DNA sequence: ACCTAACTGAAAGTCATTTTCAGTTAGGTT
DNA sequence: AACCTAACTGAAAATGACTTTCAGTTAGGT
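Protein chains in written order, with the numbering used here: chain A, 1 to 151; chain B, 1 to 151.
(1) Using beta carbons (cut-off 8 Å, strictly below), is residue 129 of chain A in contact with chain B?
(2) Would you say residue 37 of chain A lies against chain B (beta-carbon separation less than 8 Å)?
(3) Measure from the C-beta of residue 151 of chain A to each C-beta in chain B and report whether the shortest distance is under 8 Å.
(4) Please state whether the Cβ-Cβ distance between residue 46 of chain B and residue 64 of chain B is less than 8 Å.
(5) State yes or no: is the beta carbon of residue 120 of chain A nearer than 8 Å to at least one beta carbon in chain B?
(6) Out of A:27, A:38, A:33, which has the shortest C-alpha to C-alpha gap to residue 79 of chain A?
(7) Taking the DSSP output, what are the residues bridged to residue 172 of chain A?
(8) Go through its chain and collect everything with a Cβ distance to residue 51 of chain B's Cβ below 6 Å, but skip five positions before and after it.
(9) For chain A, find out if any of its Cβ atoms is closer than 8 Å to the Cβ of residue 79 of chain B; answer yes or no.
(10) Once the 5 residues before and after residue 34 of chain B are set aside, which same chain residues still bring their CB inside 8 Å of it?
(11) Just reading off the beta strand (DSSP E) that residue 105 of chain A is part of, what are its end residues?
(12) According to the Cβ coordinates, are residue 4 of chain B and residue 129 of chain A closer than 8 Å?
(13) Strictly by DSSP, which residues pair up with residue 72 of chain A?
(14) Show which residues of chain B have a CB atom less than 7 Å away from the CB atom of residue 152 of chain A.
(15) Would you say the segment 113–121 of chain B touches the segment 102–110 of chain A, given that touching needs at least three Cβ pairs under 8 Å?
(16) Assuming residue 36 of chain B and residue 74 of chain B form a contact by the criterion Cβ under 8 Å, report the distance between their Cβ atoms to the nearest whole angstrom.
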């Protein structure tokens, strides 16, 4: 099984969580793949790798890993909840193709000023935001010209 | 039953949809309440109003109304799909309190430039985005100081 | 009044997610 | 190294949002 960065293990221990086999398998998957995945897809991927992890544990541990801040949950337009590694210090969003589902990450989020303004006008304390941009990648633009099916 | 604006009816007819009783009840709810709601909540609200609308029809018609552009579907951080009226010509986002669920709408979305940049750098055609900002309203900030429960 | 494609509700089905529960284990303590 | 126990596990059952099916019903054009 792949190595888990010491800071990640420390993060778990410091909040009273153990580094169990399922937890290890799940983290290993994210560190190896560096991409987004749903709970169901992750479960299937782990079964294929013979990681011996139950579906229940996948759900429970994704929740724990979000809680300790190692993962982030992103809600897609289709209602799917996907999970991804939180890259330390990095602030990223996604450009998603509604034709093929391809995801392009980008940084350079222009929302900081807006959030400051909202805090002063509304009295809220802002602590996070969710932004996804939807469109069609070049390939899917061509396909739809040819009259093909899409999501 | 409340009156439905003629443009809304026209919008349905022009796309081959009829103004049925369930459709009318659902639109009436949105025009009266001017707020967001989930499919389940809307069903319960309509039952309470004795609108005589089945759950199946609620789901089917929310889908139709989104398709013709009268409603918009917003995915919340908790995974809930909520629906709201599309205000003609208006571009709005939401500031959501994770303590009490209160929603504040705001306009003044600073994403147009970002989207243009993304189009040139990635070759995507951008056609919509989803943005929600989460925080705590003044009231819930006070409550959590007092050690109360929250979402 | 008639016609018919669009539509309806009830019931059954699907599928992601959560809960329950009887054991198991990580990892600190003696 | 054996021990302790709260954290954890997987299987099975339960939940709950949403979809499909189907036998009728209706809006609205002719």
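Even glycine gets a Cβ: it sits at the ideal position worked out from N, Cα and C. None of these values were measured; they are calculated from a predicted model.
With the structure as the only source:
(1) Position 129 of the first chain, counted from the first residue, corresponds to residue 129 of chain A. Yes, residue 129 of chain A lies at the interface with chain B (some Cβ there is under 8 Å from its Cβ).
(2) For the purposes of this step, residue 37 of chain A is taken as residue 37 along the first chain, with counting starting at 1. By the rule that beta-carbons nearer than 8 Å mark a contact, residue 37 of chain A does not touch chain B.
(3) In the first chain, the residue the question calls residue 151 of chain A occupies position 151. The pLDDT assigned to residue 151 of chain A is 33, lower than 50, so where the model puts this residue is not dependable, and the model offers no usable value.
(4) Here the question's residue 46 of chain B lines up with position 46 in the second chain. Here the question's residue 64 of chain B lines up with position 64 in the second chain. Cβ atoms of residue 46 of chain B and residue 64 of chain B: not closer than 8 Å.
(5) In the first chain, the residue the question calls residue 120 of chain A occupies position 120. Not an interface residue.
(6) Residue 79 of chain A sits at position 79 when you count from the first residue of the first chain. If you compare the alpha carbons of A:27, A:38, A:33 with that of residue 79 of chain A, the shortest gap goes to A:38.
(7) Since the displayed chain A opens at 1 and closes at 151, residue 172 of chain A lies outside it and no answer follows.
(8) In the second chain, the residue the question calls residue 51 of chain B occupies position 51. Contacts found: 25.
(9) Translated into positions along the second chain, residue 79 of chain B becomes position 79. Yes, residue 79 of chain B lies at the interface with chain A (some Cβ there is under 8 Å from its Cβ).
(10) On the second chain, position 34 is the one that residue 34 of chain B refers to. Cβ neighbours of residue 34 of chain B beyond the five flanking positions: 85.
(11) One-based indexing of the first chain puts residue 105 of chain A at position 105. From DSSP, the beta strand (DSSP E) with residue 105 of chain A extends over 103–106.
(12) Taking the second chain and counting its residues from 1, the one referred to as residue 4 of chain B is at position 4. Taking the first chain and counting its residues from 1, the one referred to as residue 129 of chain A is at position 129. Between residue 4 of chain B and residue 129 of chain A, the C-beta gap is not smaller than 8 Å, which leaves the two residues out of contact.
(13) In the first chain, counting from the first residue as 1, residue 72 of chain A sits at position 72. Answer is A:84, bridged to residue 72 of chain A.
(14) Nothing can be reported for residue 152 of chain A: it is not among the residues displayed for chain A, which extend from 1 to 151.
(15) Result yes; three or more Cβ-Cβ pairs closer than 8 Å.
(16) Reading the second chain from its first residue, position 36 is the one you call residue 36 of chain B. Reading the second chain from its first residue, position 74 is the one you call residue 74 of chain B. Residue 36 of chain B to residue 74 of chain B, Cβ: 7 Å. Contact.
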